[in-house]
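Going by my numbering, the sequence shown opens with residue 19, and the numbers climb by one from there. Each residue gets a CB set at the ideal place from its N, CA and C atoms; glycine is no exception.
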Amino acid sequence: MVHTGSPWGSAPARRHPAQRDPTLAGVLSFLFVGAGQLYNGEPGKAIGMFFGCILLWMVLLGWVVNIWSIVDAVQTAKERNQRLLPP
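This is how it looks when you write it as structure tokens:
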């Protein structure tokens, strides 16, 4: 008998990534810069946008990162959903 790593003799179930709602991603980024990126599973990008926004708000340009964060969250959710669609 070959051991497969599972007590029942079959391979463990594979997890499929969940689709993301682009509208929710955009709303989250609108409410809190970087939240849409966190929702999309991109913590590094979320941290960068959050601190980038804070730094740029200090020179009155934070709204640029804020808008970029919203647009990026929506686009990333749409792209992620496209990759999850079967061919």
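Work out the CA separation of residue j and residue i for me, nearest whole Å.
i	j	result
residue 56	residue 64	6 Å
residue 71	residue 79	8 Å
residue 73	residue 89	19 Å
residue 39	residue 98	10 Å
residue 85	residue 66	14 Å
residue 96	residue 61	18 Å
If we count the other Cβ atoms within 10 Å of its Cβ and call it buried at 16 or more, is residue i buried or exposed?
i	result
residue 46	buried
residue 82	exposed
residue 101	exposed
residue 7	Outside the displayed span of the chain (19 to 105) sits residue 7, for which this structure offers no information.
residue 41	exposed
residue 77	exposed
Reducing DSSP to helix, strand and coil, say where residue i ends up.
i	result
residue 101	helix
residue 37	coil
residue 42	helix
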